[in-house]
Ligand code: ADP
Ligand code: ASP
Ligand code: MG
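In our numbering, the protein residues as written are 277 to 722.
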């Protein structure tokens with residue numbers, strides 16, 4: 277008899293937000309008791325955001341705030357743990373949690389590293405390390421035997437902290453050697469999403485929301501039959517239900533379409549997730565942890581080409597206008613020089629357009645990256661920045677959906693291709709009434 281094909285399951289922050297949610301995860305896994313499963317978990321709830329605050333406070337040497345925030349995270353975590361183990365917390369779990377917290381407290385005794393990104397990764401990785409120990413201990417207590425695996429022994433990256441670049445041959449070799457044998461005879465193994473390690477054993481992270489990507493790396497390296505991500509939505513929807521009312525579920529999506537949508541901000545899947553799966557034709561199932569037996573959305577190479585309009589909204593965008601100081605044309609050599617600076621400051625460009633004497637880029641407004649870019653180009657170029665913008669991308673756009681997206685907004689830049697329309701928008705303070713007739717789509721009023 278051939279062995280049951282292996283699956284990779286990823287549980288995100290929402291599916292692990294408290295003790296009840298973690299019990300629900302165990303119930304889902306009980307439905308798959310006879311399947312070998314590699315489980316990849318994110319940090320619980322929004323704890324990564326809270327850990328980012330710890331990292332920022334530590335970097336500013338505001339140790340009181342750093343300690344206070346860390347102790348809040350500890351408190352919330354321990355409340356869930358106490359609920360999960362009403363008869364007493366297993367000694368090994370208590371020791372693991374304690375060791376993790378002590379390692380961060382020790383960091384506070386030292387001066388911050390020169391590189392904020394390095395310190396960030398050492399602190400923020402705590403979220404996934406904690407949740408993985410907790411969930412694994414809980415599954416073991418529920419008669420679901422699970423082996424805890426340290427993702428830092430598996431996913432090797434370069435030393436680009438906060439955006440570790442995966443070293444595929446080394447990662448493949450480690451996963452084949454260390455993880456595949458654990459799943460050979462069925463059962464579960466569980467590891468952290470989002471984190472990896474350099475060859476010198478320093479912890480790295482793969483970029484915010486990167487646990488989906490971790491699960492795709494394991495799926496690729498283990499030749500999984502399918503990857504499943506468990507969400508608080510029924511599948512991939514035509515737009516984010518937090519922002520729009522009349523959205524619907526898409527049953528099947530091609531890899532290509534999924535890459536297009538996620539790259540421009542459909543937050544349901546991390547954009548880097550799709551490529552490793554596509555390379556090995558591994559289907560990606562997006563399912564609801566609230567209704568685990570419903571099929572959700574299947575992303576594969578087999579989906580057709582006919583889709584309804586789909587909208588992705590990317591917030592925190594900035595439009596940077598760059599012009600030459602001497603009114604000379606923006607020529608190729610300028611653009612190449614500008615791109616060197618864009619790469620050096622890790623600006624992520626979502627759109628660009630040029631005129632005779634100016635070059636415009638729309639970028640994710642992260643930390644002080646724009647200011648650092650401006651400082652680098654200052655000698656030769658004048659720059660102006662328009663912040664707090666939204667980039668709206670509509671795939672398979674129709675005039676009706678396009679018009680409904682423009683309501684109450686000022687458009688600063690537009691780009692059109694046969695299947696994709698992109699608009700960079702700014703809010704105008706117009707209060708939209710709920711009882712207005714629906715034309716195209718209905719933006720939610722907050
Ligand atoms: P996780 O718990 O795995 O981290 P996320 O919160 O990152 O989950 O992703 C799920 C959320 O993504 C949903 O709650 C939804 O608001 C949002 N989302 C954005 N765009 C879409 C879309 N096109 N389809 C479904 N959900 C979307
Ligand atoms: N916990 C990380 C984050 O919130 C990674 C993830 O959840 O995917 O960004
Ligand atoms: Mg997420």
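Even for Gly, the Cβ is constructed at its ideal location relative to N, Cα and C. Small disclaimer: the values here were computed from a predicted structure and weren't measured.
Point to revise | Residue burial classification, residue 506 (beta-carbon count within 10 angstroms, cutoff 16) | key: buried
Practice item. Return the CA-CA distance between residue 345 and residue 704, expressed in angstroms with no decimal places. Key: 36 Å
**Study point:** Limits of the alpha helix (DSSP H) - the one that residue 304 falls within
**Key:** 295-306
Review point. Considering only residues of the region 415-479, which uninterrupted alpha helix (DSSP H) runs meet the minimum length of 4 residues and lie entirely inside it, listed in chain order?
Key: 444-450, 456-459
Review point. In this structure, what does DSSP give as the bridge partners for residue 313?
Key: 283, 464
Check your understanding: So does the region 447-463 actually touch the region 496-510, counting three or more Cβ pairs closer than 8 Å?
Key -> yes
**Study point:** Separation of residue 529 from residue 513, as counted between CA atoms
**Key:** 11 Å
Point to revise | Every unbroken alpha helix (DSSP H) inside the region 603-661 [4 residues or more] | key: 608-620, 645-653
Review point. Is any heavy atom in the ligand ASP found nearer than 7 Å to the beta carbon of residue 393?
Key: no
Review point. For the candidate residues 395, 581, 422, whose alpha-carbon lies nearest to that of residue 408?
Key: 422
Check your understanding: For residue 301, is the classification buried or exposed, using 16 other Cβ atoms within 10 angstroms of its Cβ as the cut-off for buried?
Key -> buried
Exercise for review: Quick one: residues in its chain with C-beta nearer than 6 Å to the C-beta of residue 285, no 5 flanking neighbours on either side, listed in chain order?
Suggested key: 313, 315, 504
Practice item. Identify whether residue 589 lies in helix, strand or coil by the three-state DSSP scheme. Key: strand
Review point. In three-state DSSP terms, what is residue 702?
Key: strand
Review point. Curious, which full-length alpha helix (DSSP H) runs of at least 4 residues does the region 549-581 contain?
Key: 550-555
Check your understanding: If you run the structure through DSSP and keep just helix, strand and coil, what is residue 489?
Key -> helix
Check your understanding: Between 667, 674, 673, 697, which lies nearest to residue 685 when the distance is taken from Cα to Cα?
Key -> 667
**Study point:** C-beta contact flag for residue 593 and residue 638 at 8 Å
**Key:** yes
Practice item. Let me know if residue 584 comes out buried or exposed under the rule of 16 or more other beta-carbons within 10 Å of its beta-carbon. Key: exposed
Check your understanding: In chain order, which alpha helix (DSSP H) runs of at least 4 residues are fully inside the region 343-391?
Key -> 367-385
Exercise for review: With a cut-off of 8 Å on the beta carbons, I'd call residue 291 and residue 470 a contact; round off their distance for me.
Suggested key: No, residue 291 and residue 470 are not in contact; Cβ-Cβ is about 15 Å, not under 8 Å.
Check your understanding: Does the beta-carbon of residue 651 have 16 or more other beta-carbons within 10 angstroms, so that it is buried, or is it exposed?
Key -> exposed
Check your understanding: Is the number of C-beta pairs between the region 315-328 and the region 434-449 that are closer than 8 Å three or more?
Key -> no
Practice item. My understanding is that residue 331 touches residue 425, with C-beta atoms under 8 Å, so please give their C-beta distance in whole angstroms. Key: About 25 Å separates the two Cβ atoms, so there is no contact after all.
Review point. Quick one, which of 294, 306, 293 has its alpha-carbon nearest residue 569's?
Key: 306
Exercise for review: Flag this pair as yes or no: are the beta carbons of residue 544 and residue 587 separated by less than 8 Å?
Suggested key: no
**Study point:** Residues near residue 441 in its chain [Cβ-Cβ closer than 7 Å; skip 5 each side]
**Key:** 433, 434
Check your understanding: What residues come near the ligand MG, if near means a beta carbon less than 6 Å from any of its heavy atoms?
Key -> 288, 289, 485
Check your understanding: Near residue 625, which residues of its chain fall below 6 Å by C-beta distance, leaving aside the five closest residues on each side in sequence?
Key -> 637, 639
Review point. Rounded to a whole number of angstroms, what is the C-alpha to C-alpha distance between residue 649 and residue 595?
Key: 13 Å
Exercise for review: With DSSP as the reference, label residue 532 as helix, strand or coil.
Suggested key: helix
Review point. Between residue 356 and residue 295, what straight-line distance do the alpha-carbon atoms span, to the nearest angstrom?
Key: 5 Å
Review point. When DSSP builds the beta bridges, which residues end up paired with residue 505?
Key: 286, 562
Check your understanding: DSSP state of residue 291, grouped into three classes?
Key -> helix
**Study point:** At least three beta-carbon pairs within less than 8 Å, the region 375-394 to the region 453-467
**Key:** no
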